[in-house]
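In what follows, a structure is listed as structure tokens, so that the remarks can point back to it.
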Amino acid sequence: MKKILVLLFSVIFLSACTSDSELKDISFELLPVQDVELPGTFKAGQQTVIYLKYKRPTNCYSFNGIYYEKNGNTITMAVDALRQHLSNCETVNENSFEVSYPLFIKTSGVHVLRFWQGKNSQGIDQFLVREIDVQE
Numbered sequence: 030m031k032k033i034l035v036l037l038f039s040v041i042f043l044s045a046c047t048s049d050s051e052l053k054d055i056s057f058e059l060l061p062v063q064d065v066e067l068p069g070t071f072k073a074g075q076q077t078v079i080y081l082k083y084k085r086p087t088n089c090y091s092f093n094g095i096y097y098e099k100n101g102n103t104i105t106m107a108v109d110a111l112r113q114h115l116s117n118c119e120t121v122n123e124n125s126f127e128v129s130y131p132l133f134i135k136t137s138g139v140h141v142l143r144f145w146q147g148k149n150s151q152g153i154d155q156f157l158v159r160e161i162d163v164q165e
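Everything in the sequence shown is counted per my numbering, starting at 30 for the first residue and increasing by one.
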């Protein structure tokens, strides 16, 4: 009897999952970082919280996390957003959102933080660049 209930529950649960057509109406997009707040000092091997500010273009965007890519001593970051492709999306006129990110840098020395700010009129990525000196 327990196996039948578990099987029945599983079928109901799986049938309630999101359909493929609903997934086609969602995409992931990067949003430009408008500004960053960095502390005065960074220490190697310690987590340091930084703050990123961004705006949503419409009310169909929601925060999904931080895009993070490390290449040597250069770290590139952007705001990762979930976009719903709906017909009733409205442009929003709201203050910037601020999100925190726990940055962990293992090694001391000069590191370059690049925060994606979108593309220019020629389609070239633009970055807000900050050099930080990570202490031992």
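Note that CB positions come from ideal geometry on N, CA and C, so glycine has one too.
All figures in this text were calculated on a predicted structure; none of them were measured in a lab.
Here the alpha carbons of residue 100 and residue 87 stand approximately 32 Å from one another. Going by DSSP, residue 114 is part of no beta strand (DSSP E) at all; its letter is neither H nor E. By the criterion of a C-beta distance shorter than 6 Å, residue 114 is surrounded in its chain by 54, once the five residues flanking it on both sides are discounted.
Rounded to whole angstroms, residue 92 and residue 163 show a C-alpha spacing of 29 Å. Contact annotation: residue 56 and residue 83 have beta-carbon atoms that are not nearer than 8 Å.
Assigned with DSSP and collapsed to three states, residue 91 falls in strand. With contacts defined by Cβ atoms closer than 8 Å, residue 108 and residue 95 form a contacting pair. For residue 128, the enclosing beta strand (DSSP E) covers residues 126-134. The shortest CA-to-CA distance from residue 98 to any of 141, 111, 161 is the one to 141. In this structure, the straight-line span from the alpha carbon of residue 118 to that of residue 112 is close to 10 Å.
A Cβ-Cβ contact shorter than 8 Å links residue 62 with residue 144.
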